[in-house]
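For our numbering, add 97 to where a residue sits in the sequence shown, where the first one is 1. Notes for the one structure printed next.
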Amino acid sequence: MLIRGSKLEVWAEWSYLVVSGTVKLSYLLLYIRIFGPFQRVTPVLWTGVVFVSLIYVVLLMMSILDCQPIHSHWDKTVDGKCLPAMVLAYSSGAFNVVTDLFVLIVPMPTVWSMTLTTAKKLRVSAVFGLGIIAVSLSITRLAKTPIVFKSTDPSWDLSTFAVYSFLELSFGFICCCLLTFPAFLEHHGTAVMSWIRSRTNSSAGSNSKSTSPCPSSERRRQSPKTAENDIHSLNSYHSSDARLTFATTPTGLVRSADLETGELRGVPSSTSRIEHIDV
């Protein structure tokens, strides 16, 4: 039973590193999609992708190989050699906070370089700054690390530590998805709700056949522009709070709806094909 519990603990540690790195890469790749036309920030974002990838690969390999043989991680009856657990815990926690802060801060200079009013810049910054929740949890998790190693009841304190890790990853997922969820609702919300209503009426025993369209097939037959709309279904972002709409052309260009073509900063004239959307 103890071996099984130790195994789960080790696998949870490895899974945390994989998921944490993947969430941060998701943020950075989304930023590249949004801010691609800004030539000054794109190299920074790609550097961040490489840096985050290398950091988490190294941390994962350290976590896997810090005990030799590997199964001595969970089987304490095996005569193995392990690096001090505190070294890996502090290094992974510190790098986690650094990468969280990088992901949080990197879009801000670009947002503030746009020709928007100060109020709108603040609102857009708030949208991208939702990750502050995950950063706070990451810092709290790092602060809890010494308590685990000095604890007289490590099982209890480790469970608290695991809760902070779970919350950090969960809020990271949520905040990243919130950046694109409004665009999904804008393009598919009506169709999805119609389909749900038709299914509800059918399950209630309605004798009449439902004519509500399924969001994937029926809509394509009804509108010749549906295929084109579906291609760009997730290529826009609209927030009623931030009052900002991003639109992506087939080349990946994204820009605020409030910016006229002639006001774009650092974008060549070939980008005049930008799709204009009113807030």
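Here a beta-carbon is modelled for each residue, glycine too, at the ideal position from N, C-alpha and C.
Beta-carbon proximity check, residue i vs residue j, cutoff 9 angstroms
i	j	result
residue 384	residue 288	There is simply no residue 384 to check, as the chain begins at 98 and stops at 376 in what is shown.
residue 125	residue 203	yes
residue 257	residue 241	yes
residue 145	residue 200	yes
residue 142	residue 128	yes
residue 162	residue 118	no
residue 111	residue 160	yes
residue 115	residue 171	no
residue 173	residue 103	yes
C-alpha distance - residue i paired with residue j, whole-angstrom precision
i	j	result
residue 207	residue 295	44 angstroms
residue 281	residue 270	16 angstroms
residue 232	residue 101	32 angstroms
residue 265	residue 292	34 angstroms
residue 166	residue 210	53 angstroms
residue 243	residue 284	48 angstroms
residue 230	residue 197	10 angstroms
residue 148	residue 180	24 angstroms
residue 279	residue 105	37 angstroms
residue 131	residue 137	13 angstroms
residue 186	residue 216	41 angstroms
residue 213	residue 205	13 angstroms
residue 109	residue 249	22 angstroms
residue 297	residue 290	10 angstroms
residue 135	residue 277	20 angstroms
residue 299	residue 286	20 angstroms
Other residues of its chain near residue i: CB distance less than 7 angstroms, five sequence neighbours each side excluded
i	result
residue 168	175
residue 262	113 and 238
residue 236	194
residue 227	272 and 275
residue 121	149, 196 and 200
residue 177	164, 165, 166 and 169
residue 183	246
Run of the alpha helix (DSSP H) containing residue i, from where it starts to where it stops
i	result
residue 208	205 to 209
residue 171	No alpha helix (DSSP H) holds residue 171; DSSP gives it neither H nor E.
residue 234	229 to 247
residue 163	That residue, residue 163, is in no alpha helix (DSSP H); it is neither H nor E in DSSP.
residue 190	182 to 202
residue 215	215 to 225
Distance between beta carbons of residue j and residue i, contact taken as under 8 angstroms
i	j	result
residue 245	residue 254	5 angstroms
residue 268	residue 219	22 angstroms between Cβ atoms; not a contact.
Same chain only: Cβ atoms within 6 angstroms of residue i, ignoring 5 sequence neighbours per side
i	result
residue 273	123 and 124
residue 189	156
Any non-hydrogen atom of the ligand SAM closer than 8 angstroms to residue i Cβ
i	result
residue 220	Absence of the ligand SAM from the depicted structure is noted, as is the absence of any ligand whatsoever, leaving it without description.
Other residues of its chain near residue i: CB distance less than 8 angstroms, five sequence neighbours each side excluded
i	result
residue 139	129, 132 and 133
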